[in-house]
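The structure under discussion appears below in the form of structure tokens.
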Amino acid sequence: MTTSSQLDQFLSHYDELIVHNTLVLRELVFSVLPDITEQIDVSAKMIAYCYGQKYAELICVIIPSKKGLKLGFNRGTSLPDPTGLLKGTGKISRYVEIKKTEAIHDPAVKVLLEEGLKLYQNQLVK
């Protein structure tokens with residue numbers, strides 16, 4: 002688990018709104034993904050949430066930037082997205098752009114996290 006000082010140091014490069022939205026989004030991730038592990042990847046400038054050390058065990062990432070915030074999903078191309086929140090053109094990953102705090106509270110964001118967890122759990126059964 003990330004310590005608060007590690008998180009503070011990582012987020013110290015961003016403005017107040019980005020920091021606030023990162024913390025709000027982080028709380029949502031923890032509330033939806035039980036016992037998830039949080040890891041800061043300084044070189045990639047993201048916070049990863051996974052159930053192990055393998056890429057296949059990665060559920061999502063929070064990517065703060067000067068322009069805003071993204072919630073990225075490993076295997077995002079396999080997630081149902083009826084509201085069209087997911088963006089990106091990668092072969093595997095997709096992301097949700099978070100420009101306002103209210104966007105974090107969109108029920109579709111929570112559903113995407115839940116679906117990401119289901120996808121991971123189904124992968125374990127196979």
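Numbering (the numbering used here), first residue to last: 2 to 127. Ideal Cβ positions, reconstructed from N, Cα and C, are used throughout, including at glycine.
Item, Value
"Cβ pair count under 8 Å reaching 3, the region 73-85 against the region 110-119", "yes"
"Extent of the continuous alpha helix (DSSP H) to which I19 belongs", "17-33"
"Neighbour-count burial assignment, Y96, 16 or more Cβ in a 10 Å radius", "buried"
"Given H14 as reference, the closest of V110, G69, L125 once Cα atoms are compared", "G69"
"C-beta contact flag for E39 and Y50 at 8 Å", "yes"
"Own chain partners of N22 with C-beta closer than 7 Å, once the 5 adjacent residues on each side are dropped", "L70, I99, T102, I105"
"Distance CB(L26)-CB(I63) smaller than 8 Å", "yes"
"Euclidean distance between Cα positions of V20 and L12", "6 Å"
"Proximity of I60 and I41 at Cβ, strictly below 8 Å", "no"
"Where A45 falls: helix, strand or coil (DSSP)", "coil"
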